[in-house]
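Let me begin by presenting the structure, written as structure tokens, before commenting on it.
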């Protein structure tokens, strides 16, 4: 359902699926979140690097302040030169542990970004439905205004003929202000809803002259709570991230233990001392007397317990979210069935009868205006019930973690 708000000659129209795809491609918050995956992948490269070898050289006893002493003989017989190369050999499979820990962090990051996409999809659907509700409300307000203007015109004719009092005519005329105000408020709500949706889609992804398209209606869902919950435990990326968090915590623990192993540094030197050429080899290993990385090993061990508790909390949250959304959907179904069971027709019939009777002097002005208000409230409530049903459906999709419900 689209409104009559003037956006241009031929405004671009997008469906809900179009809106979701535009947001996934152009929403700047999501694009920023996706860079965290690339950053994490870059950290994998760093984690997989081997240590650099160290080269050093020196030349001692050069006669910088006695230039007359410079000679090949002096340099050969009386100076000392050294050159060497050292390399750190990591023990405890540190590099592979670092690399695995970094990959596990990347896996968690990917799931977290996927959860951002899930949340964004729900936000887009919510704003899309808000636009549909605003436009449907605007259509209703304009329809009511047109109908009431006819009543005002007929009342003016009756007043001119002396069929109604001036007081009744003024009351009817003043009531027109409420209908005009309803239209103005509905127009503002529509413009603001479209603006909010455009911001979420990526401001530059759609032109200013755009609108939404799609049937603004709701059909009851059928499905079992247990099926939705089972699907959610498979599909929810935040729960998957919590599961991967346990794996990542174990990787960090293994890395901490590996870092507790002492590395070996091997060094080879060449020396020229007083006309003698010599070579030397050195091996150094820190003595693990005090620092064996005990604190970090203990911390990461407790972090495993923390991650397991977080996984269980995420599991419970998924089941709770699905149940809450499911119950909300059932309630929306019942409310819509009440409206569709005859209340809409009764409200319209009551308004039409009251209008007909008032125009012929059979009912009072207050009775007519009360029937008009009841009709408007019922129609507005029905549209809000449709929007609530659609939102409840989207909440269930978000809780399950997929748009394809079982």
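In the working numbering, the protein residues as written are 12 to 417.
Note that the Cβ used here is the ideal one computed from N, Cα and C, for glycine as well.
All values derive from a computational prediction rather than experimental measurement.
In the displayed model, residue 281 falls within a strand according to three-state DSSP. Taken atom to atom, the span from the alpha-carbon of residue 375 to that of residue 156 is near 21 Å.
Under DSSP, residue 288 forms a beta bridge with 283. Rounded to the nearest whole angstrom, the CA to CA distance from residue 229 to residue 400 is 6 Å. The beta carbon of residue 365 sits closer than 7 Å to the beta carbons of 374, 378, 379, 382 from its chain, once the five residues preceding and following it are set aside; these are given in chain order. If you draw a straight line from the Cα of residue 96 to the Cα of residue 243, it comes to about 57 Å. Here residue 393 is buried. Its C-beta has 16 or more other C-beta atoms within 10 Å. Distance from the CA of residue 232 to the CA of residue 199, rounded to the nearest whole angstrom, comes to 33 Å. A residue is called buried once 16 or more other Cβ atoms fall within 10 Å of its Cβ, and residue 263 is buried on that count. Judged by beta-carbon spacing, residue 275 lies within the 8 Å limit of residue 100, meaning their Cβ atoms are closer than that value. Pairwise C-beta distances place the stretch 291-303 out of contact with the stretch 145-165, as fewer than three of them are shorter than 8 Å.
Under the three-state reduction of DSSP output, residue 119 falls in the helix class. With respect to residue 68, residue 88 sits apart: the two C-beta atoms are not nearer than 8 Å. When secondary structure is reduced to three states using DSSP, residue 337 falls in the helix class. For residue 108, the CB contacts under 6 Å within the same chain, skipping 5 residues up- and downstream, are 265, 266, 269 in chain order.
In this model, residue 153 and residue 335 are separated by some 36 Å (Cα to Cα).
When rounded, the separation of the alpha-carbon atoms in residue 31 and residue 39 is 14 Å. With respect to residue 27, residue 139 sits close: the two C-beta atoms are nearer than 8 Å. For residue 409, the enclosing alpha helix (DSSP H) begins and ends at 376-411. Within a 10 Å sphere around the beta-carbon of residue 212 sit 16 or more other beta-carbons, which makes this residue buried. According to DSSP, residue pairing for residue 293 in a beta bridge involves 278. Between residue 391 and residue 187, the beta carbon gap of about 18 Å keeps them out of contact (Cβ cut-off 8 Å). According to the DSSP assignment, residue 223 belongs to the beta strand (DSSP E) that extends over 221-223. Collapsing the DSSP output to three states places residue 91 in a strand. With a cutoff of 8 Å on beta-carbon distance, residue 251 and residue 122 are scored as near each other. In the three-state scheme derived from DSSP, where H, G and I count as helix and E and B as strand, residue 34 is classed as helix.
Judged by their CB atoms, residue 205 and residue 142 are nearer to each other than the 8 Å cut-off. In this chain, the beta strand (DSSP E) harbouring residue 24 covers 23-25.
Counting along the chain, the unbroken alpha helix (DSSP H) around residue 193 starts and ends at 177-212. Straight-line measurement puts the Cα of residue 130 at about 10 Å from the Cα of residue 41.
Between the C-alpha atoms of residue 74 and residue 84 there is a straight-line separation of about 12 Å. Cβ neighbours of residue 330 within its own chain (closer than 7 Å, five residues either side excluded): 240. Taking residue 22 as the centre and dropping the five residues before and after it, the same chain places the C-beta of 220, 221, 222 closer than 7 Å to its C-beta, in chain order.
Taken through DSSP and simplified to helix, strand or coil, residue 373 comes out as coil. About 5 Å separates the beta carbon of residue 120 from that of residue 51, a gap short enough to meet the 8 Å contact definition.
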